[in-house]
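**Q** This structure is in structure tokens; I'll ask about it shortly.
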Amino acid sequence: MKLTTPLTDESIANLKAGDRVEITGTIYVARDAAHKRMVETLDRGEPLPVDVRGQIVYYMGPSPTKPGQVIGSAGPTTSGRMDRYAPRLMEIGLKGMIGKGLRIPPVKDAMKKFKAVYFAATGGAAALISQRIKKAKVIAYEELGAEALQELQVEDFPVIVVNDIYGGDAYEDGKKQYARN
Amino acid sequence: MREIQASQITETIARLAIEANHYLGEDVVAALQNARAVEESPQGKEVLDQLLKNVEIAKQGTFPLCQDTGVAVIAVELGQEVHIVGGELNQAIHDGVKKGYAEGFLRKSMVGQPFSSRKNTKDNTPAMIHTDIVPGDKLHITIMPKGGGCENMSALGMLKPADGRQGVIDFVVSTIDKAGSNPCPPTIVGVGIGGSADQAMWLAKKSLLRPVGEYNPDEETAALENELLEKINNLGIGPMGLGGRITSLAANVLVAPCHIASMPVGVNVQCHSARYKEAVL
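Going down the list, the protein sequences come from chains A and S. Throughout the first sequence, residue numbering follows numbering that gives the first Met the number 0, covering 0 to 180 in sequence. Throughout the second sequence, residue numbering follows numbering that gives the first Met the number 0, covering 0 to 280 in sequence.
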């Protein structure tokens with residue numbers, strides 16, 4: 000299935016846990032330190048450096064860009080570390096998150112409530128994933144280095160829907176199907 | 000006394016850091032290929048295909064295998080007949096990490112202060128150095144770039160002696176079950192049994208330096224490794240946690256004597272990007 004950003008309520012409604020999706024368009028990169036700053040900014044009542052409404056955030060901290068390249072290796076980081084911040088961003092309109100690994104129940108509840116989805120990219124396929132990133136630009140928190148807030152242009156960026164807006168969970172489904180006693 | 004220049008140690012560490020982050024060991028590649036052959040889940044097969052393609056791209060030397068090029072874990076076996084000249088051993092290692100991570104465009108993932116400022120040290124130092132003094136006149140250095148995602152799934156269980164073999168199995172399997180998709184399965188599970196709390200954790204990590212497909216030379220321990228792997232793979236977590244037959248490629252166990260009151264069990268998880276390179280000077 001192909002998906003373009005920004006996400007609409009209609010495109011999100013079509014996504015089901017386990018769907019394989021290729022994303023094209025603009026996505027934003029933020030991990031631990033950038034999330035901390037964004038939520039602190041919101042707590043002060045100030046605007047974020049980027050309007051997250053309808054957008055996707057990619058939990059990632061790339062390896063350094065070599066001369067002549069768009070970006071270094073760029074695979075997902077463990078999403079659970081952003082659980083503390085994610086509901087706050089969904090509340091103001093964030094519609095998608097890309098990462099890898101488990102989310103806690105309050106985050107899954109927020110996805111249902113605010114109609115947002117969680118996608119997994121393949122952890123450790125970072126050199127391969129990098130080939131789908133066509134442009135990369137640091138847009139805020141440059142001093143955080145690998146943890147800066149970035150804007151990416153991606154083409155056919157491969158992900159799987161883990162948590163949809165209906166409470167579906169691809170990790171739970173997959174495990175149930177293949178577990179043996 | 001055989002002399003080894005500190006600068007030679009620095010150059011070696013720098014080279015190994017770059018190599019380890021671009022060239023996955025043949026044993027791990029073979030294990031991933033084998034996993035692809037036996038995996039039944041379509042999502043799992045797709046993930047394993049991606050990982051094998053990733054290995055091919057990284058091998059060209061431009062993109063590291065993973066963006067998380069890790070904490071530089073360094074295992075040193077220093078022959079007692081070696082005299083290091085022109086600098087200090089630990090400093091030579093840190094300098095090598097600094098050089099390799101700069102020249103190789105590897106990510107600098109260390110923060111100097113862990114619980115408040117968390118400011119990046121910007122050169123990936125300090126390295127985590129474990130040194131053993133051994134007989135001989137050689138210096139054996141191994142670098143294992145260790146990612147944060149899998150390291151965060153580590154666990155220590157101070158089990159009771161009465162928990163026995165079954166207690167060890169239950170603790171290890173439940174640790175991997177809870178970790179789920181977080182540590183980037185298919186993983187390699189390192190287990191240290193015995194010793195003290197700190198020694199059990201180091202044994203767990205050290206066991207990850209054994210090639211995939213090799214077993215502990217002790218028969219009883221090897222049988223435990225087999226049983227652990229089977230039980231872990233029966234969890235159904237699968238490649239990237241999306242469900243499947245292959246959750247781990249290997250379970251490696253190292254054991255040590257311990258106190259009459261204790262049975263420490265350390266678990267250290269390695270992601271599929273199980274990187275390490277070694278050199279003997």
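The beta carbon of each residue, even a glycine, is placed where N, CA and C say it ideally should be. Quick caveat: nothing in here was measured; it's all calculated off a predicted structure.
Note down, one range per segment and in chain order, each beta strand (DSSP E) of at least 3 residues found wholly within the stretch 180–233 of chain S.
**A** Complete beta strand (DSSP E) runs here, min 3: 186–193.
**Q** Determine the extent of the beta strand (DSSP E) in which aspartate 131/S is found, giving its start and end residues.
**A** 127–133 is the span of the beta strand (DSSP E), which, as asked, contains aspartate 131/S.
**Q** Valine 167/S and isoleucine 192/S: beta carbons closer than 8 angstroms?
**A** In this structure, isoleucine 192/S lies closer than 8 angstroms to valine 167/S by Cβ.
**Q** Less than 8 angstroms between the C-beta atoms of alanine 85/A and valine 106/A, yes or no?
**A** Yes, they are a contact pair.
**Q** How many Å lie between methionine 152/S and isoleucine 175/S at the Cα?
**A** C-alpha separation (whole angstroms): 8 angstroms.
**Q** Name, please, each residue of chain S whose Cβ falls closer than 8 angstroms to the Cβ of lysine 174/A.
**A** Those are Gly179, Leu234, Gly235, Ile236, Gly237, Gly240, Gly242, listed as they occur along chain S.
**Q** Quick one: grab the DSSP three-state call for isoleucine 17/S.
**A** Note: isoleucine 17/S maps to helix in three-state DSSP.
**Q** Would you report the Cα separation of glutamate 39/A and aspartate 82/A, rounded to the nearest angstrom?
**A** Distance between the alpha carbons of glutamate 39/A and aspartate 82/A: 15 angstroms.
**Q** For isoleucine 138/A and glycine 144/A, I'd like the C-alpha separation in whole angstroms.
**A** The alpha-carbon atoms of isoleucine 138/A and glycine 144/A are separated by roughly 12 angstroms.
**Q** If alanine 178/A sits next to glycine 235/S, beta carbons under 8 angstroms apart, how far is it from one beta carbon to the other, in whole angstroms?
**A** 3 angstroms between Cβ atoms; contact.
**Q** Identify which residue in Gly100/A, Leu14/A, Leu127/A, Arg52/A has its Cα closest to the Cα of isoleucine 164/A.
**A** The shortest Cα separation from isoleucine 164/A among Gly100/A, Leu14/A, Leu127/A, Arg52/A belongs to Leu14/A.
**Q** Does the count of Cβ pairs from the stretch 92–99 of chain S and the stretch 154–168 of chain A closer than 8 angstroms reach three?
**A** No, they do not touch.
**Q** Classify alanine 278/S as helix, strand or coil using the three-state DSSP reduction.
**A** Looking at alanine 278/S - three-state DSSP - the assignment turns out to be strand.
**Q** So is arginine 106/S in contact with chain A if we call contact Cβ pairs under 8 angstroms?
**A** Yes - at least one Cβ of chain A is within 8 angstroms of the one on arginine 106/S.
**Q** Which residues share a DSSP beta bridge with phenylalanine 156/A?
**A** The partner list for phenylalanine 156/A (beta bridge, DSSP) reads Ile22/A.
**Q** Tell me the start and end of each unbroken beta strand (DSSP E) in the stretch 230–270 of chain S that is at least 3 residues and wholly inside, in chain order.
**A** DSSP runs (the beta strand (DSSP E)) wholly in the stretch 230–270 of chain S: 247–255, 262–269.
**Q** On the DSSP bridge assignment, give the partners of asparagine 119/S in chain order.
**A** Note: asparagine 119/S sits in a beta bridge opposite Val110/S.
**Q** Applying a beta-carbon distance threshold of less than 7 angstroms, which residues of chain A neighbour asparagine 119/S?
**A** Under the 7 angstroms cutoff, chain A gives Gly144.
**Q** Please classify isoleucine 56/S as buried or exposed, where buried requires at least 16 neighbouring CB atoms within 10 angstroms.
**A** Classification for isoleucine 56/S: buried.
**Q** Is the stretch 120–127 of chain A in contact with the stretch 35–50 of chain S, if contact means three or more CB pairs nearer than 8 angstroms?
**A** In short, these stretches touch, since the Cβ pair count reaches three.
**Q** Contact between the stretch 66–76 of chain A and the stretch 6–26 of chain A: three or more CB pairs below 8 angstroms?
**A** Judged by Cβ distances under 8 angstroms, the stretch 66–76 of chain A makes no contact with the stretch 6–26 of chain A, as fewer than three pairs qualify.
**Q** Buried or exposed: serine 115/S, going by 16 or more other Cβ atoms within 10 Å of its Cβ?
**A** Flag for serine 115/S reads exposed.
**Q** Can you give me the start and stop residues for the alpha helix (DSSP H) that leucine 77/S sits inside?
**A** Where leucine 77/S is concerned, there is no enclosing alpha helix (DSSP H), although the beta strand (DSSP E) it sits in stretches over 70–78.
**Q** Quick one: list the residues of chain A neighbouring alanine 57/S, beta-carbon separation under 9 angstroms, in chain order.
**A** Those within 9 angstroms of alanine 57/S in chain A are Ser72, Ala125, Ala126, Leu127.
**Q** Following the continuous beta strand (DSSP E) through glycine 71/A, name the residue where it begins and the one where it ends.
**A** Note, glycine 71/A: premise wrong, no beta strand (DSSP E); not H, not E.
**Q** Taking 8 angstroms as the cut-off, decide whether the C-beta atoms of lysine 143/S and arginine 274/S are in contact.
**A** Note that residue 143/S is methionine in the sequence shown here, rather than lysine. In this structure, arginine 274/S lies closer than 8 angstroms to methionine 143/S by Cβ.
**Q** Specify, as a first and last residue, the run of the beta strand (DSSP E) that lysine 145/S falls within.
**A** 138–145 is the span of the beta strand (DSSP E), which, as asked, contains lysine 145/S.
**Q** By the 8 angstroms beta-carbon criterion, what residues does the stretch 64–97 of chain A contribute toward chain S?
**A** Cβ contacts with chain S come from Thr64, Lys65, Gln68, Gly71, Ser72, Ala73, Gly74, Thr76, Thr77, Gly79.
**Q** Determine whether the beta carbon atoms of leucine 88/A and valine 51/A lie at a separation below 8 angstroms.
**A** It is a contact, given that the beta carbons lie within the stated cut-off.
**Q** Going by the DSSP bridge assignment, what does threonine 77/A pair with across the sheet?
**A** The partner list for threonine 77/A (beta bridge, DSSP) reads Lys99/A.
**Q** Going straight from the alpha carbon of histidine 93/S to that of isoleucine 83/S, what length do you get?
**A** Taking the straight line joining both Cα atoms gives about 15 angstroms.
**Q** Identify the contact partners of glycine 148/S in chain A, using a Cβ-Cβ distance below 8 angstroms as the criterion.
**A** Result: Thr76, Thr77, Lys99, Gly100, Gly122.
**Q** Residues of chain S with CB under 8 angstroms from glycine 166/A, in chain order?
**A** None at all; the shortest Cβ gap to chain S is about 18 angstroms.
**Q** So, under 8 angstroms CB-CB, aspartate 67/S and alanine 101/S are touching, yes? Tell me the CB distance rounded to an integer number of Å.
**A** Incorrect: roughly 17 angstroms between the Cβ atoms, too far for contact.
**Q** Would you mind giving the Cβ-Cβ distance between alanine 203/S and glycine 212/S, rounded to the nearest angstrom? I have them listed as a contact below 8 angstroms.
**A** Not a contact, Cβ separation roughly 19 angstroms.
**Q** Cβ closer than 9 angstroms: which chain A residues qualify as neighbours of phenylalanine 62/S?
**A** Simply Ser62, Lys65, Gln68, Gly71, Ser72, Ala73, Ala125, Ala126, Leu127, Ser129, Gln130.
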